[in-house]
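Student:
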Amino acid sequence: MYIEKDIKTGYNVFTELDKNDGEKSLMEVALLVMKPGDTFEFQENDKEVSWVLMKGKATVEVDGKVTEIERPDPFDYVGACLLMSKGSICKIEAVDYSEFYVQKTYNDREFEPHIYSAEDTHTWARGTGNELDGMMRRDVRTYYDYESRPDSNMVLGEVVNQAGKWSSYPPHSHPQPEVYFYFFEDERGFGAGWADGKPHELHHHGCLVITDEYTHSQVMAPGYPCCYIWGIRHLDGNPWEKTRIDDPDHEWLLEENPDYWRPKED
0 MYIEKDIKTG
10 YNVFTELDKN
20 DGEKSLMEVA
30 LLVMKPGDTF
40 EFQENDKEVS
50 WVLMKGKATV
60 EVDGKVTEIE
70 RPDPFDYVGA
80 CLLMSKGSIC
90 KIEAVDYSEF
100 YVQKTYNDRE
110 FEPHIYSAED
120 THTWARGTGN
130 ELDGMMRRDV
140 RTYYDYESRP
150 DSNMVLGEVV
160 NQAGKWSSYP
170 PHSHPQPEVY
180 FYFFEDERGF
190 GAGWADGKPH
200 ELHHHGCLVI
210 TDEYTHSQVM
220 APGYPCCYIW
230 GIRHLDGNPW
240 EKTRIDDPDH
250 EWLLEENPDY
260 WRPKED
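Heads up, the sequence shown is in numbering that gives the first Met the number 0, so the first residue is 0 and it goes up one at a time.
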């Protein structure tokens with residue numbers, strides 16, 4: 000399923016837990032848009048809350064601790080990412096125009112809140128060995144996952160997808176539901192993403208929901224780089240532990256120097 004909304008200042012909900020279990024993602028997904036001086040508060044009695052600052056500048060207070068956060072853009076700068084359990088309180092005041100990706104799910108466990116910074120965010124440069132002629136080059140950022148936060152029911156990260164190149168490739172799947180949320184450098188940008196067995200045209204602030212173990216992959220149009228969020232919901236008794244099931248039809252692409260036609264060099 001692919002979802003687009005008419006984005007307005009404030010809290011823009013894309014999936015809701017009380018509507019078809021968040022369109023089967025088992026998560027609430029939203030985009031919080033704030034103008035300078037705007038304030039917003041998060042507090043849940045039965046859900047953990049996570050957000051990533053995608054762009055902007057804000058003052059954040061979490062359970063009484065104040066932090067200043069800033070991110071000029073999501074391409075050259077790693078974001079600040081909050082993870083907090085039920086019962087915690089987060090207050091945000093925007094200093095500049097700001098956008099926050101938001102993700103929530105049910106979780107009975109309680110834990111200390113944490114704001115992840117660039118220093119404790121893992122970035123994996125993938126496709127650097129010229130695999131498939133360099134068409135899979137991307138940076139994968141992981142804010143937290145099951146290995147680092149087994150007390151959370153979620154995983155959250157980003158991919159910087161270069162213009163004209165592929166990511167989440169070759170096509171793969173996993174039992175756990177996943178969402179992608181797209182931020183193009185140029186709001187006119189577009190790409191294509193595969194989910195629920197068919198392709199979808201992707202745009203700025205679009206949300207792709209991947210469920211039912213469908214294979215998924217995507218590509219961005221030349222001239223339009225994109226940074227997209229990837230968020231995964233663990234299944235009860237079956238957490239996502241970097242689970243990846245490659246599509247058997249395309250596994251041969253992972254071989255060293257796969258044999259396919261290339262233009263002759265001059």
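Backbone N, C-alpha and C define an ideal beta-carbon position, used for all residues, glycine too.
So does the stretch 170-183 actually touch the stretch 255-263, counting three or more Cβ pairs closer than 8 Å?
Tutor: no
Student: Using 9 Å as the threshold, is the C-beta distance between L16 and Q102 below it?
Tutor: If you number the sequence shown from 1, residue 16 lands on position 17. If you number the sequence shown from 1, residue 102 lands on position 103. In this structure, Q102 does not lie closer than 9 Å to L16 by Cβ.
Student: From which residue to which residue does the beta strand (DSSP E) around N19 run?
Tutor: The count along the sequence shown starts at 1 and reaches residue 19 at position 20. It is not in any beta strand (DSSP E) - N19 instead sits in the alpha helix (DSSP H) that spans 19-22.
Student: Given 8 Å as the limit, is there contact between the stretch 21-35 and the stretch 76-90, that is, 3 or more CB pairs closer than that?
Tutor: no
Student: Roughly how many angstroms lie between the CA atoms of Y70 and E118, to the nearest whole one?
Tutor: If you number the sequence shown from 1, residue 70 lands on position 71. If you number the sequence shown from 1, residue 118 lands on position 119. The question names Tyr, but residue 70 is Arg in the sequence shown. Taking the straight line from one Cα to the other gives about 14 Å.
Student: For a test of the three-state rule: what should DSSP assign to G55, helix, strand or coil?
Tutor: Stepping through the sequence shown from its first residue, residue 55 is reached at position 56. In this structure, G55 counts as strand in the three-state DSSP scheme.
Student: Starting from Q102 and walking both ways along the beta strand (DSSP E), at which residues does that stretch end?
Tutor: Position 103 of the sequence shown holds residue 102. First-last of the beta strand (DSSP E) with Q102: 97-105.
Student: Between the alpha carbons of N19 and Y105, how many angstroms are there, rounded?
Tutor: Along the sequence shown, one-based indexing puts residue 19 at 20. Along the sequence shown, one-based indexing puts residue 105 at 106. A direct Cα-to-Cα measurement between N19 and Y105 gives close to 14 Å.
Student: Which stretch, first to last residue, makes up the beta strand (DSSP E) that contains I114?
Tutor: Within the sequence shown, residue 114 is the residue found at index 115, counting from 1. Here the beta strand (DSSP E) through I114 covers 113-115.
Student: What is the rounded straight-line gap between the Cα of H173 and the Cα of R108?
Tutor: Translated into the one-based positions of the sequence shown, residue 173 becomes position 174. Translated into the one-based positions of the sequence shown, residue 108 becomes position 109. Going by the C-alpha atoms only, they are around 25 Å apart.
Student: Tell me, which residues are paired with H215 by DSSP?
Tutor: The count along the sequence shown starts at 1 and reaches residue 215 at position 216. H215 is bridged to H171.
Student: Touch check for the stretch 85-101 and the stretch 47-67: three-plus C-beta pairs under 8 Å?
Tutor: yes
Student: My understanding is that L201 touches Q217, with C-beta atoms under 8 Å, so please give their C-beta distance in whole angstroms.
Tutor: Residue mapping note: residue 201 aligns to position 202 of the sequence shown, counting from 1. Residue mapping note: residue 217 aligns to position 218 of the sequence shown, counting from 1. Right, the Cβ-Cβ distance comes to about 7 Å (below 8 Å), so this counts as a contact.
Student: Between the C-alpha atoms of A79 and K64, what's the straight-line distance to the nearest angstrom?
Tutor: For the purposes of this step, residue 79 is taken as the residue at position 80 of the sequence shown. For the purposes of this step, residue 64 is taken as the residue at position 65 of the sequence shown. Rounded to the nearest angstrom, the two C-alpha atoms are 15 Å apart.
Student: Are there 16 or more other CB atoms within 10 angstroms of the CB of G9, so buried, or fewer, so exposed?
Tutor: As a position in the sequence shown, residue 9 is number 10, starting the count at 1. It is exposed - the Cβ of G9 has fewer than 16 other Cβ atoms within 10 Å.
Student: Give, in chain order, every unbroken run of the alpha helix (DSSP H) that is at least 4 residues long and sits entirely within the stretch 200-246.
Tutor: none
Student: Helix, strand or coil: how does DSSP classify E67 here?
Tutor: Your numbering for residue 67 matches position 68 in the sequence shown. In this structure, E67 counts as strand in the three-state DSSP scheme.
Student: Measuring alpha carbon to alpha carbon, tell me which residue in Q161, P170, T58 is nearest D266.
Tutor: An answer regarding residue 266 cannot be provided, because it is not within the stretch 0 to 265 covered by the chain.
Student: Would you mind working out which of I114, S151, K164 sits nearest R136, comparing C-alpha positions?
Tutor: For this step, residue 136 is matched to residue 137 along the sequence shown. Out of I114, S151, K164, K164 has the C-alpha closest to the C-alpha of R136.
Student: Should W123 be labelled buried (16 or more other beta-carbon atoms within 10 Å of its own) or exposed?
Tutor: In the sequence shown, residue 123 corresponds to position 124, counting from 1. Classified as exposed, W123 has fewer than 16 neighbouring CB atoms from the shown chains inside 10 Å of its CB.
Student: Following the continuous beta strand (DSSP E) through M83, name the residue where it begins and the one where it ends.
Tutor: Here residue 83 corresponds to residue number 84 of the sequence shown, with the count starting at 1. Start and end: 80-83.
Student: Could you pull out every residue in the same chain whose Cβ sits closer than 6 Å to the Cβ of I91, ignoring the five residues on either side in sequence?
Tutor: As a first step, residue 91 must be located in the sequence shown, where it is residue number 92. These residues qualify, in order along the chain: F39, A57, V59.
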